[in-house]
Structure formats: structure tokens, C-alpha cells
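A.B. asks: The opening residue of the sequence shown carries number 0 in numbering that gives the first Met the number 0; numbering runs sequentially from there.
For glycine and all other residues, C-beta sits at the position ideal for the given N, C-alpha and C.
Below is a structure I'd like to ask you about.
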Amino acid sequence: MENIASLQEFLASPKNIIITTHQKPDGDAMGSSLALYNYLQPLGHNVRVISPTEFPHYFGYLPNCDEVYNYIEKPVLSQIEIAEADLIFCLDFNDLSRIEPLNEFIQKNTNAKLVLVDHHLNPKIDAEWILHDIKACSTCELIYRFLEIFDKNYVPTKEVAECIYTGILTDTGSFSNGATNKKALEITAHLLDCGLNIINIQEQLNQSGREEKLRFLGNALFRNMIIREDIGVGIIVVPKQDAYRFNLQTGDTEGLVNYPLSIKDIKVAVLLKQEPKIIKLSFRSKGTISVEKICRENFEGGGHRNASGGKSFLTIDETIEKILSILEKENLHQQV
Ligand code: 5GP
Ligand code: MN
């Protein structure tokens, strides 16, 4: 962020601040939003985190998560707070369509200045202040780096540490995927000095689940996974009936897309989630194969090289056919 001095000056007096993040927020979206909230609120600003949609209940341990507005539940209050905002932080997304329907109200408030903090490819948001780095493992890494330059003597509190660590942990797939970098480990080491308890977070995220979610996982892998080793593709389908059958809750499909990649010759994995009007797609890939390009060119989406998303307006079968025909042409076995 080049012009940080002007942001420091702007925030020298109390402001109305909105922090927003992408639909169906993940650990990085929730972690970065609440890290910033837990930093700014005690400074005397009037801060509100607004999610465009519901968010997984298992992030309830993040400090002040119960202060977050879900726009679907609180549209009127959200609109009022957005209209009164002096400053709006856009975290962990690269395109205003990712926060529909909030984008409309943000664009209406022409007095508010925007700050973009993000690590996705191809950012399309025109903001006054921008901290964008596709090499960052997560937006939480960028929030940590933002605090380092914005407030040089600041030492993260335990609360801020828990939020930042959550985003780093989830976006790096527990320090295992291609997003994992040296800074992720350095920040984590420092956060341990700031009171972070890794075991507590592990208990909250991975040891507090429901039996139904585990049965859903078993069923999805046993009955709804298509493996095409010949072209290096694995596809998992989540039909809408599963939502009732397994009492699915927001976030229950998180991580499911990764399973086909555990098979040696599978290089691209896709999750198709049937939603009321569209099919939501999640893509993951190994090595240099860019699913970002595939999502951007074919499914109105994008993201990162190895982890991207998009949507389809076709039926489940037609969507599977479309994905297979795109990936057949990609010759994945020739790519590393
Ligand atoms: P996931 O598959 O976990 O939902 O998302 C993987 C990555 O792709 C995330 O970084 C997410 O922000 C991005 N992503 C997911 N869906 C979309 C989409 O519809 N459009 C864009 N531009 N990015 C997406
Ligand atoms: Mn992220």
C-alpha cells in the first residue's frame, strides 16, 4: 500500500467503518474481517462487519463473530450502516459481484472511500487504498502485513492472533497446499508469542462437528464421485436433496472438493453444488494447471491458479458434460 500515510491521517479521528467480504465467507474471509474489526473497534471507530450471506456456524469461536451482520437476516440495518459509512474495507475478493447484493448499496454511498485487501488474481475493484498480492497465502497474511506498516508498534492481541491464524490455516489447507509460504510460518510463529493457542483452534474447527456431516461426506465419496483417471479428473456432486437428507448447514461442503486430488493421477477436482437457481462450482488443481483460467473463461468465476470457483446455469448432467469436454481438451496428463 503506497499511500498509507493518507489512510493513517484519515483514521486519526473516529470513523464509521464497514468491513465486508465475499458471499459464503470461508475461514480467510471471516478471519481477516474479524482481525481488522478487533483491531479497529478498540481504537474508537464505529465498525461493522457485514457478510453478504450466511456464514458457517463453526466460525462462532472467532472473537466478536456474533457482532457480524448477515445481510440476508438484517438487510435494513445493513443498508443503513453502509449508507453512513466513511470507509469500506473490501477483504478477500476481487470483484464487486462477489458481494451481491451489497455492491449496489456500496456503490450508492459515493462519500465512502474504499480499501481493497486481497490476494486473488485479476482484481477489478477501484479503491483509494489497495493492498493486493497474489503471492500472499491469504488475506489474513495481508491484514498482518497491513498492521505492520499501518501501526508500527502494534503487537497483535490474542483475539487478533486467533483471527489471523484461522485465515492462514484454512487458506493454506493446514500449511500443505501451494499457497503455503515462508511468511505464513513466520507470522504463525509470531502469533504464538501473542497468545495464540493452536490446539484450541483445532478443536473448534475440526473436532466440534456433527455426525450428519460425516455421514454426508461418506455418502458423497461413495455414491456421488465420478473418477476419470484417463483424463485426470475427479468430480463430486452434491444434489439439492442432500441438504434435507443430511441436514446440511452452511460450510458443511468445505474441503470436500479436495478429496479426488488424493488419487495419484487425478490433477483437477471439481465440486458441483446444486443450489436453488444455479450450480455452484469449486475447482482445485495440482501443480501449474490453472483452474482460474477455466473458471474465468467458462463459468463466470475466478480465484487462484489452484483453487477457483464459478457457476453454471445448466443442469447437473449438462454441467458435468461441459466440464469433461473442457478438461479433455486440456490434456492434463501432459501438464505438470
Ligand atoms: P471455493 O471453491 O473454496 O468456494 O473458492 C475457491 C477460490 O475461488 C476462493 O478464493 C474464492 O474466493 C474464489 N471463488 C469462488 N467462487 C468464485 C466466483 O464465483 N467468482 C470468483 N471471481 N471467484 C470465486
Ligand atoms: Mn482467501
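Could you say if the region 283 to 293 and the region 304 to 311 meet the contact criterion of at least three C-beta pairs nearer than 8 Å?
C.D. replies: yes
A.B. asks: For G26, which option in I18, Y36, F58 has the closest C-alpha, if you only look at C-alpha atoms?
C.D. replies: F58
A.B. asks: Please determine whether the Cβ atom of A306 lies at a distance below 7 Å from any heavy atom of the ligand 5GP.
C.D. replies: In this structure, A306 has its beta carbon less than 7 Å from a heavy atom of the ligand 5GP.
A.B. asks: Have a look at E8 and L86 and give me their C-alpha separation to the nearest angstrom.
C.D. replies: 13 Å
A.B. asks: Please give me, in chain order, every unbroken run of the beta strand (DSSP E) with length at least 3 that falls completely inside the region 251 to 291.
C.D. replies: As far as the region 251 to 291 is concerned, its whole beta strand (DSSP E) runs of at least 3 residues are 267 to 273, 278 to 284.
A.B. asks: Which residues in the same chain have their Cβ closer than 7 Å to the Cβ of D132, if we skip the five residues on either side of it in sequence?
C.D. replies: Here the set comprises H118, L141.
A.B. asks: Specify, as a first and last residue, the run of the beta strand (DSSP E) that K117 falls within.
C.D. replies: A small correction: the amino acid at residue 117 is Asp; Lys does not occupy that position in the sequence shown. Unbroken beta strand (DSSP E) run through D117: 112 to 117.
A.B. asks: Which whole runs of the beta strand (DSSP E) in the region 56 to 137 are 3 residues long or more, in chain order?
C.D. replies: 86 to 90, 112 to 117, 128 to 131
A.B. asks: Verify the contact flag: V159, CB atom, against every heavy atom of the ligand 5GP, threshold strictly below 7 Å.
C.D. replies: no
A.B. asks: Taking contact to mean 3 or more Cβ pairs, one atom from each stretch, closer than 8 Å, check whether the region 263 to 271 and the region 50 to 66 are in contact.
C.D. replies: no
A.B. asks: Mind checking V75: buried by the 16 CB within 10 Å criterion, or exposed?
C.D. replies: So V75 counts as exposed.
A.B. asks: Closest to A126 by C-alpha separation, out of G194, F88, P100, would be which residue?
C.D. replies: F88
A.B. asks: Can we count S32 as close to the ligand MN, meaning its CB is less than 7 Å from some heavy atom?
C.D. replies: no
A.B. asks: Going by beta carbon distance, what residues of the same chain come within less than 7 Å of R295, once the five residues before and after it are set aside?
C.D. replies: Excluding five sequence positions before and after R295, the CB atoms of its chain that fall closer than 7 Å to its own CB belong to G301, given in chain order.
A.B. asks: Using the C-alpha atoms, what's the distance from L120 back to Y36?
C.D. replies: 25 Å
A.B. asks: I need the DSSP call for V159, collapsed to helix, strand or coil.
C.D. replies: helix
A.B. asks: For the alpha helix (DSSP H) that K14 lies in, which residues bound it at each end?
C.D. replies: Careful: K14 lies outside any alpha helix (DSSP H) and carries neither H nor E.
A.B. asks: When the Cα atoms are used, what is the spatial distance from G30 to T165?
C.D. replies: 6 Å
A.B. asks: Can you tell which of R283, I105, I230, G286 has its C-alpha closest to the C-alpha of H332?
C.D. replies: I230
A.B. asks: What's the call for E72, buried or exposed, on a 16-neighbour Cβ count within 10 Å?
C.D. replies: exposed
A.B. asks: Return the residue from the list Y68, S324, N176, N108 that minimises the CA-CA distance to K285.
C.D. replies: N176
A.B. asks: According to DSSP, which residues form a beta bridge with S311?
C.D. replies: I278
A.B. asks: Can you find a heavy atom of the ligand MN that lies under 7 Å from the Cβ of D91?
C.D. replies: yes
A.B. asks: What did DSSP end up calling T19 once you bin it into helix, strand or coil?
C.D. replies: DSSP places T19 within a strand segment (E or B) once states are collapsed to three.
A.B. asks: Looking at the structure shown, is I142 part of a helix, part of a strand, or coil, going by DSSP?
C.D. replies: In the structure shown, the three-state DSSP call for I142 is helix.
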